[in-house]
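If you're matching positions, the sequence shown starts at 1 in UniProt numbering and goes up one per residue.
Heads up, the beta-carbon is just placed ideally off N, CA and C, and yes, glycines get one too.
Presented below is the structure to which this report refers.
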Amino acid sequence: MLDKQIKILFSAGIIFIQLFVFFGSIAQTQDLYFKFPILEPGVYKVSEGQLKDLGFDNIEGVSIFGNPGMLPQKLDSLQLTLREIPSKIIGNDVFFFAYGPDQIIVNEDGVNFQPHLYSDTLFYMVGNKIKGNEILEGNNPPAGPIAVGNLFLIQSKKWEETNLLNSGRAWYSQPLFIGQSLTFSFELPSGQSGPSKIKLGLMSQSLADNVFRVFAGGQNIGQSTILPIPNTTYGIKGREKSEEFEIPESTESKMDFRVNYQSPNPNGTGYLDYALLATPYPSDKIGSGLFYNLDGDNSFSFSTAKTTWKIKNTYEITEESDRIFLGKGEMVVAFEPNGVKAITDFELANTSLRTDDSDPQLLIITHKSLLSQAQRLSSHKNQKGIQSSVVVLEDIYDSFGYGNRDVTAIRNLIAFHFHYSGGLKNVLFFGKGTYDYKSKQGGRPNLVPTYSSRNSLNPLTTYSSDDFFGFVDWGQGQWDESNAGDEQLQIGVGRIPAISVSEAGEMVNKIIAYENGENNRGEWKRNLAFFADDADNNIHLRDAEVHYGYLSKNHPEYLIKKLYLDRFEQQRSGSAQSSPLAKAALKSTIEEGVLILNYIGHGNETVLSAERVFTVSDLYDWPENPLLPLIVTATCEFGRHDSPFIRSGAEEFLFAEKKGAIGLLTTGRPVFSSVNFALNTAFVESVFEKDNGETRDLGEIFRLTKNNSLNGPFNRNFSLLGDPSLKLAIPELTTQTDPVWDVVLETETDTLRALQRIQIKGKIIDPITGAMLPTSSGTYDIQITDKAQTITSLGDESPPTEFLEEINVLFRGKGEVKDGEFISDVFIPKNIDSNIGTAKIRLFASLNQGDEAIGAIQIPIGGTASYTSNDKLGPDIALRFGQNQSDASGSFPFSNLPLTILLEDESGINISSQANGHDIELTINDQSPIILNQFFKAKNNGFELGEINTLLADLKEGKNTITVSAWDNVGNSSKMTQEIEIKGSLQLKILEHGTYPNPTTESSKFRIAHNRPNETINLELKIYSIYGSEIFSMQRRYVEADFLLDGIEWNFFRSTTKYPVKGTYIYTLMLISEKDNSSETKSGKIIIQ
């Protein structure tokens, strides 16, 4: 395959390349395309000799291919073909007309300017002729009178220094403050035949009427007044206006212009967008160049001294005589063949994507700098049965953009696969994209560009979006910024906005681990959380309650945690508020594991809520966690991923090493709460639905979410940051529960009652076939909750608001799945709400084959069973301490000590919070008791025996008194007190250390145990030769470190090691506590064979 970077330069007949024979030989076996740059419109030529040197047989067999300016957004089938532009062979050269990157468009609205958003150079291609498009002689000269009318030379200037809101396509000059001026000039060819016209694109920011005064050649030629902008947070931030001015006829060869800005508003600023200068020349005396007819349909006479081509449009050009009819807006280009510029710079274009017959389900589009990680992800997807392909931008631009940077070329590639392959479901943009397509402002790179809105001045309707790339049906893509312009996504689109190989690699690691189920099995997958802000009359809380109501009714298998800010006490410092309790609750919820975290409320790029319940700096002190949530942020700007300067909270969540999130559905600009509610509603109603029994991937969820919440430009900034082909870790199997059995009455029961002993049986079901899976085995977890109760918020910023919550858990247990079936004995506690309502029985099974199952039933609950208990004794309580679950004899070197509480009672253990004072309580050294109900779980398929695993935190050096009290389900209580001694906790100690395998041949892993679990610990590993020279070192930070630090690896081949020879080496391991800076170092030997 040819290296697409090979360039060929022709200058003064000398060819700077030594591959002529090579190109000539391959020209016989495959299509060749070479791209070349054009900077300004005009007639150009390529010689027959050049074409032969490039590998083409003859001059008649080539065509020129291209598109004027940017590719059209609206999709039609022609855009998926290479379009030949008109050309003509004159002598031994191919002549053709080519536009530059910027376009001047003349229509009923006048003269308009369309700059190229993505490049200052426009590429065309030369290649083997397809159908041909020759410049032919025009029709017969027009009859009737011939006028020597005026044709206009139009020149342009574009300023691209300021993007006011750092959003959208519009760029302007540097700001003009009050009294300041901007000067510029145009060259004027001689022979002008009347006054010129200049059209200025202007923009201003002022709270009062403001004025641009325009001067030409030192003379005031007019002024333009622009209306003020509103003084509101989300009002429009600038007003645009275009204005034309007439300039008296001049004999000067250059015209100087000055634009002066004035405003009574002291903070007013003005900007220039563009300038168009139209200068008239008589048709029979025009020089070489491109001229426009601006004065209506007419017949013109021309000099025969020059060759004249009439340009109706890019693909329709004719050669005319000295009499030409021109419609308004049509052009002529006049030239002398000997004076035409020759193309001298060719680069081989790789158009192989146009013949790609692969049929990917997932298309990964990336920058060449991230290719290795994109390919690693693609390989993983293929192993998972998802057909995946990777393409790099340069090849897309060559194949579908004639070599030009253009986001529509990317869309056209996607449309090609969508229509001609048929299997495409999702597209992943693998790399960061910004609104700064031409890198005018610097900052982080624009690796994989995104689509930007036309609007750049309204904070609520300017946006960047990858949705554009999902509009791949014929006729889609114009995407006008109005409700009428809304379009439906045909495929899922997502983005991983990595800026480096390390970031890309971290996200690929997360995806692979998540999809392979590495260290993330368990019932955390049935946990959901809503975090609602407390402002705006608690509208965010009320919106969350609507979503909770839908999920509770339609998907009762999920446990929903309500982190409503208005239920947490807040602290004030001046005008600022904070809520350490809410912040801690958010952190612990994510640490415990939550499938989806849904945030509703205020925010910005780096912060959630005015109380700062989350800031990006918080991630630094979050521990590593394989239980990665999907995060939905219905807020302002938190998901902004197109800024070259700001790293948003969403991006930080994605790329946080071994923690954070697996993906985000998030907003990148300010949004209305009503828009967020509609979008969140569409998400909630889509995320757990299945298609033919199978879980939807994120791309399909996102597609349906957007399509079902269209709202003009107001929700277009809502993006999927993550892998669209990834499926949430929702168990693929379900549980089916038999009718509940009353053990005492020996009959089925349709209502749960207090003091009722029941038995729950069920099966593991494949939802696709509906069949039981008799070979499945493993464990299950069961939870029964009482009816939801009404809770009232505190009313800190908004009035107290009522909401429902299932706060009363009646039973939590675990047992065995055997031969596809499970059974659980349950004792309903005395302490329930006696009113009739609806209870939920939720089940989660972890099977030995790696599968998981989830399910729930809803059943009436209320009243009390006819039950007489002979149980008069409280629960038996036993305490086990430390990693080895020993008794209290001896001492422990830990200030944070694991505790296991074993509880047993013939009536089961009460964990219901319905009755005050009947909780499981832990008291440390006579401090306030800690309620442990939520940590208790019965085991062995029953209710009599269970345990709690918790942590005794911040124990003092010396003697500590531990007291545990508990109640059974019929109202008996017990208490146990035990004294333990903490000795040696004041200094960090390494308790064990070692390396394995040892001896080793290619890598060595280290294991180290210490006495400071749950603290932040820094580790430093160093390897030395026996002569004392350091050959390897690494550092690692452990937030809330485990007792045992494992998986620390020294790989001789992949690390920065000075490659060791066989022999003995010394390692040192040092731990440092961030709490008190205490440390210890241990060393040992490694033998390399």
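Fewer than three Cβ pairs drawn from the stretch 621-632 and the stretch 415-426 lie within less than 8 Å of each other, which leaves the two stretches out of contact. DSSP lists no beta-bridge partner residue for Pro724.
Taking a cut-off of 8 Å for Cβ pairs, the stretch 537-554 and the stretch 587-596 do not touch, as fewer than three such pairs fall below it.
Linking Val392 to Ser1073 through their CA atoms gives a straight-line distance of about 46 Å.
Check the Cα spacing between Asn831 and each of Pro929, Asn969, Asp876, Thr779: the tightest is with Asn969.
Leaving aside the five residues that flank Gly1084 on each side, the residues in its chain whose CB is nearer than 6 Å to its CB run, in chain order, Tyr1067.
The residue from Ser190, Trp309, Leu559, Phe113 with its alpha-carbon nearest to that of Arg842 is Leu559. The straight-line gap separating the alpha-carbon atoms of Asn58 and Phe714 is approximately 55 Å. By the neighbour-count criterion, in which a residue is buried when 16 or more other Cβ atoms sit within 10 angstroms of its Cβ, Thr801 is buried. Within the same chain, Cβ atoms closer than 8 Å to the Cβ of Trp741 are found at Thr747, Glu748, Thr749, Ile758, Gln759, Ile760, Lys761, the five residues on either side in sequence being excluded. When the alpha-carbon of Gly42 is set against those of Gly55, Ile1088, Ser87, the nearest one is in Ser87. In the three-state DSSP reduction, Glu816 falls in the strand class (E or B). Nearest in C-alpha terms to Lys74, of all of Thr408, Leu164, Ala170, is Thr408. Beta-bridge analysis with DSSP links Pro337 to no other residue.
With a 10 Å radius around the Cβ and a threshold of 16 neighbouring Cβ atoms, Gly660 comes out buried. Here the alpha carbon of Thr977 sits roughly 58 Å from the alpha carbon of Ala374. Under the criterion of beta carbons closer than 8 Å, Pro731 and Asn426 do not qualify as touching, at roughly 22 Å. Taking each of Asn412, Arg521, Asp273, Asn133 in turn and checking the Cα distance to Gln174, the smallest one comes out for Asp273. Around the Cβ of Trp474, a 10 Å sphere holds fewer than 16 other Cβ atoms; the residue is exposed.
As the crow flies, the alpha-carbon of Asp284 is around 46 Å from that of Phe177. A direct Cα-to-Cα measurement between Lys525 and Leu988 gives close to 36 Å.
Residue Gly837 holds the alpha-carbon nearest to the alpha-carbon of Leu804 among Thr450, Ser798, Gly837. Note that the stretch 185-202 touches the stretch 246-257; at least 3 beta-carbon pairs, one per stretch, sit closer than 8 Å. The shortest C-alpha to C-alpha distance from Thr779 to any of Gly431, Thr900, Ala938, Val675 is the one to Ala938.
Ala754 is bridged by DSSP to Thr864.
Residue state for Trp159 is assigned as coil, using DSSP reduced to three classes.
The stretch 343-359 makes contact with the stretch 385-401, as at least three CB pairs between them are under 8 Å. At a Cβ-Cβ threshold of 8 Å, Asp786 and Leu755 do not count as neighbours. Proximity to Lys553 across Leu457, Lys658, Thr434, Val684 peaks at Val684, based on C-alpha coordinates. DSSP lists Phe803 as the bridge partner or partners of Ile791. The beta carbon of Val964 sits closer than 6 Å to the beta carbons of Ile877, Ile901, Leu922, Met976 from its chain, once the five residues preceding and following it are set aside; these are given in chain order.
For the 8 Å CB-CB criterion, Leu377 and Ile236 do not form a contact. Collapsing the DSSP output to three states places Ile414 in a helix. Taken atom to atom, the span from the alpha-carbon of Ser482 to that of Lys310 is near 37 Å.
A distance below 6 Å between beta-carbons, with the five flanking residues on each side excluded, links Asn520 to the following residues of its chain, in chain order: Pro626, Leu627.
The stretch 486-499 and the stretch 459-477 touch, with no fewer than 3 CB-CB distances between them shorter than 8 Å.
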